[in-house]
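**Q** If you scroll down you'll find the structure; I have some questions about it.
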Amino acid sequence: MTAIVLVHPEIPGNTGAVGRTCVALDLELILIHPLGFTITDTRLKRAGLDYWQHIRLSEYASWDAFLAQRAPRADQLFLFEEYAPRSFYEPDYPADAYLVFGRETKGLPPEIVEAHRERLVSLPMRSDKVRSLNLANTVAAAAYQAMRGSFLP
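Remember, this note's numbering sits 628 above the position in the sequence shown when you count from 1.
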C-alpha cells in the first residue's frame, strides 16, 4: 500500500488536509517526529473534518526509527524536494511506495536528502513566480500521480 510520509510537519491544517487525501485514496499517513503541533490539535482535526477518525496513522520518533522499523527498499522511496532534478511524472511508482515530504518552511533535512539523493523528485512549476505549492496540494498531486494506474479498469 502506498503511504504518505510527512517529516517534521509544522502546520496542523496541512497535515489534516493530507489526512483527508489519505482517506480518499486509501493511503497510510506516516508522521515523523518532532511535529510542530500535537496530534490532538483542533486545527489538525478541523482540516481533516470528520475523516480524521478513518486515517490509518503511524508515527515514528525519528527518520532513523522509521527506516529501522519499516526497512523500505530504495525503489519504494520518493522524496519530494522543490529543486530536485527529476519530475514526479518520470518514475513508475510501485504499489507500496513511500511518498516523503519535508516540513513546510525548510523541506527535508539535509542529511535525509544527501542519503537518498537518487530518489529525489519534484513537482514542476510552469511559472517562475512560484517555487512550490502548499504541502497539502503537493501531496494530493503526488498521491494521484503515484496511483494513476490503480484507477484504470
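Beta carbons are placed, not taken as given, at the ideal position from N, Cα and C, and that holds for glycine.
As a quick exercise: from Lys757, Glu718, Pro662 and His744, pick the residue whose alpha carbon is nearest that of Val728.
**A** When each option's Cα is compared against that of Val728, the closest is His744.
**Q** Helix, strand or coil for Leu763? Go by DSSP, reduced to three states.
**A** Looking at Leu763 - three-state DSSP - the assignment turns out to be helix.
**Q** Going by beta carbon distance, what residues of the same chain come within less than 7 Å of Pro722, once the five residues before and after it are set aside?
**A** The residues are Asp703 and Gln704.
**Q** In the DSSP assignment, the beta strand (DSSP E) including Arg684 goes from what residue to what residue?
**A** Segment Arg684 to Tyr688, the beta strand (DSSP E) holding Arg684.
**Q** What residue range is occupied by the uninterrupted beta strand (DSSP E) comprising Ile658?
**A** Where Ile658 is concerned, the enclosing beta strand (DSSP E) stretches over Glu656 to Ile660.
**Q** From Thr668 to Ile639, what distance separates their C-alpha atoms?
**A** Straight-line Cα distance between these residues: approximately 13 Å.
**Q** Note the first and the last residue of the continuous alpha helix (DSSP H) segment covering Ile740.
**A** Start and end: Pro738 to Ala743.
**Q** Ala631 lies in the alpha helix (DSSP H); which residues open and close that run?
**A** First-last for Ala631: Ala631 to Val635, but that is the beta strand (DSSP E), not the alpha helix (DSSP H).
**Q** My parser needs the alpha helix (DSSP H) runs of 4 or more residues fully inside the region 687 to 737; what are they?
**A** Correct list: 691 to 698.
**Q** Would you list the one or two residues that DSSP bridges to Ser750?
**A** DSSP output for Ser750 lists Ser715 as bridge partner(s).
**Q** In the DSSP assignment, find the unbroken alpha helix (DSSP H) run with Val651 in it and report its ends.
**A** Its alpha helix (DSSP H) spans residues Pro640 to Leu653.
**Q** Tell me whether Gly777 is buried or exposed, calling it buried when 16 or more other Cβ atoms sit within 10 Å of its Cβ.
**A** Exposed, since its Cβ has fewer than 16 Cβ neighbours within 10 Å.
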